[in-house]
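Residue numbers (the working numbering), protein chains in the order written: chain A, 1 to 288; chain B, 289 to 690; chain C, 691 to 1009.
Ideal Cβ placement from N, Cα and C applies to all residues, glycine included.
A quick note: this is a predicted structure, and the numbers were derived from the prediction, not measured.
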């Protein structure tokens, strides 16, 4: 592999990793802070992609569809938390597994009812609908670079939110000691609702961003679900920083695995996870 | 508290037991009236994908099959036809169960389908035992008319090897000596690439690298980067349906259309040209069908299909239509008596099917012997530019009937 | 206790009903019932870990799938005898469980869940991508094993009815075996570990060894289910090793009620019967099934099994 190709593959890995981070950040918030195992997280990603497809068609503009979709996804998150999730905080984790498994089935079928079962494409949004030449044979779609840029901006935004704002402080406190936070007069129920909505919105946003590049199809949530869990476990539950590092690590492992070790490319991600966990059982940045 | 629970429990249990028993009885009983009625009609079961990357293919086959029956006023050889659809989801893991459902639960007389080669192998393993008339309307798994061939199993489509094989010589004739291949890593992909490679290397070509991606993944970015760094003289691919759309678009977005010519078996551009748009312009492929074939049967078929379904047919529709023609031929020979399997089968074996792709006959292994055309995508149509191989028959390795 | 006795009577009645089912049932339903019983074995084996030892494994299908592939590979050369292929397959599964368990049982909680998942997924990808297992399309069983002994062949496994009865007998055997094991001192220790591992350690129990033993037993029984699946379907597919399979089993256990043996069997039956029933009603059957599952979580805290009487193993949630 020559150097130029190596750099481009690194770019591919980083781009994939940043998108994974976006998906996983929502999951690590929900799991790390609320302690809820959410198997339906992949479904929220799918919801985002289909929202992008629908709203871009309805509003005529992808960039208008984005905020509209995020708002709708947040509302969905609030509704789900209020109707279903909040009944499970005091119960065994496994009931969350079961309930969110049921949600996966429901969302798949609602998707089928609303949008059918076919594969859909979404046009690359202007002004990013072109490619820039990188070598004499290869060009790179600018939209993928745009996605990476947006993900980085979002990572920064989340860091600022969690570490510099009152809300972030409450979130961090709530993950460490729920009852104490409540005793201090903070409405933990409302806090959890917000965190859940934020998590859903992040996953949906990732789906919306990815849709023009990845296409929109049934079962797309399943593929990202398991990888997202791998990312947050490697990074450490509840750690945004960990999710970023882990996502980049996984993105690079996946891309190079595909090209350098095609026989075991599927396994590379899990080998990495097993190795990390056996070395640091709590994940890279996990709190004990 | 617990005393009350214990007291209530037995009666609740009894109720549930009776309810469960009643429900099971009801479920089994509900099938009874259908069992009686179905003897009058010929039941055709479709095992096709109605979800996922191959959805459009499943729909096309179904529509075209029904079209033929419709053209004959809903009857073949005087018997009315009724249809049952099971979504195969292009998932081989569920194929045996789905086939069982059609054969043992729905008790179909004929099975039509599937698209995915892995599904076909599982399906045929079941129908060889059950003796159900099987018309494979797409899946090209060699084994179906190879090691697993059987009297009651016919194919109206192709083997994965057939449409890809001629492209090997087409490329070497143009002086191309170094090629990279790319396909989904499953039975169909492997056989298709195998067919191309066999012919290509036989005529002096060399494969630089074989690239694979698991079915049905469509993230090509890192592999396209790899192709660009390998700088071959051509790339040969096998993809179909949604995957074909994605590949063509991504290939163009990576600027590779200019630097590394792309070729494929015709599934790359059949039925998907509209979705691919300008990115597919000029793509050359080999297939046993081409939209622009100037044959009376093709012209008529295209018109009536478009009139009925609002879009022009593709190779999948042609195969579905021909499967129905084959059933018609068989039923005509036995005057509608599906129990006379032997003469029904003999009739199909001897038949010359007047297909929109051109007339074809069936090999001893029950696979079409057909011309493979060279086509070019122009203005949203696959225009036939020549015949890449005349009357190509699949070697049918391992078939005891051949 | 009256509740226990009536539960036992109910189970006995169900077994008798299953034994008589072939007199009225059609081939399709009988084959489906065979699959339900196989899943019941699989779910019960997982319950040993989840319900009784408190170890939630998302990689249990690994042992299930390995045993199934073992049968397919052993059958490559031709027809093999069940009398050695079945123990061989179960041993293979048990050895895999020993190897994996020795590594993963060092972790706990959600990390345990994820590491078991990791190993299962690695096995899935290995089987799917390597050259020896037939790839993503799977591998076929050339001939169903023979059950002859010294030239006497009363049971032909090609016959679906014989397979049905073999599976029924094995399902009952597994249930009775697990009941025995869980009632024994070994079983009590497992429950003790679930409730409070540090306390058990302080009482002098080498908890790691007990957990490992339980893990291996559960793996071997999962292997039995996998073997029967390969026998029934005549093929193995990498999907049988994947997290979907493991997740399905976990759902059956939770749905049926953890900490009871009959619960998971009931969960398996409920999930599969409802799937069949709903799919005959509508194309959108997953919607109904999903709603059903959600309803059970919200309104039946102890799972379906709680409808039939009190649990043996203790309270519902572990907080």
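In three-state terms, what does DSSP make of residue 415 of chain B?
When DSSP states are grouped into helix, strand and coil, residue 415 of chain B belongs to the helix group.
State the DSSP-derived secondary structure class of residue 604 of chain B, mapped to helix, strand or coil.
helix
Quick check: residue 468 of chain B and residue 506 of chain B, are their CB atoms within less than 7 Å of each other?
Residue 506 of chain B is positioned such that its CB atom lies no closer than 7 Å to that of residue 468 of chain B.
In angstroms with no decimal places, state the Cα-to-Cα distance between residue 426 of chain B and residue 404 of chain B.
Between residue 426 of chain B and residue 404 of chain B, the C-alpha separation is close to 8 Å.
Can you tell me whether residue 369 of chain B is buried or exposed? The criterion is at least 16 other CB atoms within 10 Å of its CB, across all chains shown.
buried
Using the beta-carbon count (16 or more within 10 Å), is residue 313 of chain B buried or exposed?
Because residue 313 of chain B carries a pLDDT of 49, less than 50, the predicted location of this residue cannot be relied on, and no value is offered for it.
Please tell me whether residue 911 of chain C and residue 857 of chain C are closer than 7 Å, where the distance is taken between their beta carbons.
no
Determine the closest residue to residue 260 of chain A out of B:383, B:499, B:587, with distance taken between C-alpha atoms.
B:499
For residue 342 of chain B and chain C, any beta-carbon pair shorter than 7 Å?
no
Please name the residue in B:537, B:442, B:674 whose C-alpha comes closest to that of residue 402 of chain B.
B:442
Where residue 97 of chain A and residue 791 of chain C are concerned, what is the direct C-alpha to C-alpha distance, given to the nearest angstrom?
23 Å
Going by DSSP, what residue range makes up the beta strand (DSSP E) through residue 572 of chain B?
572-575
At which residues does the beta strand (DSSP E) containing residue 368 of chain B begin and terminate?
367-375
Counting only beta-carbon atoms, is residue 466 of chain B nearer than 7 Å to chain A?
no
Taking contact to mean at least 3 C-beta pairs separated by less than 8 Å, is the region 930-948 of chain C in contact with the region 725-741 of chain C?
yes
Can you tell me which of the three DSSP states residue 496 of chain B falls into?
strand
By DSSP, does residue 926 of chain C sit in helix, in strand, or in coil?
strand
Counting contacts by CB-CB distance shorter than 7 Å, is residue 139 of chain A in contact with chain B?
At least one CB of chain B lies nearer than 7 Å to the CB of residue 139 of chain A.
Counting only Cβ pairs nearer than 7 Å, list the residues of chain C close to residue 410 of chain B.
Within chain C, the residues near residue 410 of chain B are 925.
Cβ closer than 7 Å: which chain C residues qualify as neighbours of residue 112 of chain A?
974
Does any residue of chain C bring its CB to less than 7 Å from the CB of residue 109 of chain A?
yes
Using a Cβ-Cβ cut-off of less than 8 Å, give me the residues of the region 821-842 of chain C that come near chain B, in sequence order.
825, 826, 827, 828, 830
Within 10 Å of its beta-carbon, does residue 453 of chain B have 16 or more other beta-carbons around it, so buried, or fewer, so exposed?
buried
I'd like to check one pair, residue 612 of chain B with residue 635 of chain B: are the Cβ atoms closer than 7 Å?
no
If you reduce the DSSP assignment to three classes, tell me which class residue 956 of chain C lands in.
helix
Just to confirm before moving on: does the CB-CB distance between residue 946 of chain C and residue 956 of chain C stay below 7 Å?
yes
Going by the CB atoms, is the gap between residue 172 of chain A and residue 81 of chain A shorter than 7 Å?
No, Cβ-Cβ distance for residue 81 of chain A and residue 172 of chain A is not below 7 Å.
Shortest alpha-carbon distance to residue 101 of chain A belongs to which of A:230, A:63, A:41?
A:41
Within the 7 Å Cβ cut-off, does residue 95 of chain A reach chain E?
The structure shown contains no chain E; its protein chains are A, B and C.
Using a Cβ distance threshold of 8 Å, determine whether the region 8-27 of chain A contacts the region 249-268 of chain A, with at least three qualifying pairs required.
yes
Is there a C-beta anywhere in chain A that falls below 7 Å from the one on residue 811 of chain C?
yes
State the DSSP-derived secondary structure class of residue 649 of chain B, mapped to helix, strand or coil.
strand
Hey, quick one: how far does the alpha helix (DSSP H) through residue 63 of chain A stretch, first residue to last?
In the DSSP annotation of this structure, the continuous segment of the alpha helix (DSSP H) that includes residue 63 of chain A starts and ends at 62-83.
Hey, how far is the Cα of residue 492 of chain B from the Cα of residue 554 of chain B?
23 Å
If you drop the 5 nearest sequence neighbours on each side, which residues of the same chain put their C-beta closer than 7 Å to that of residue 25 of chain A?
158, 202, 240, 243
Check residue 258 of chain A in the structure and name its three-state DSSP category.
helix
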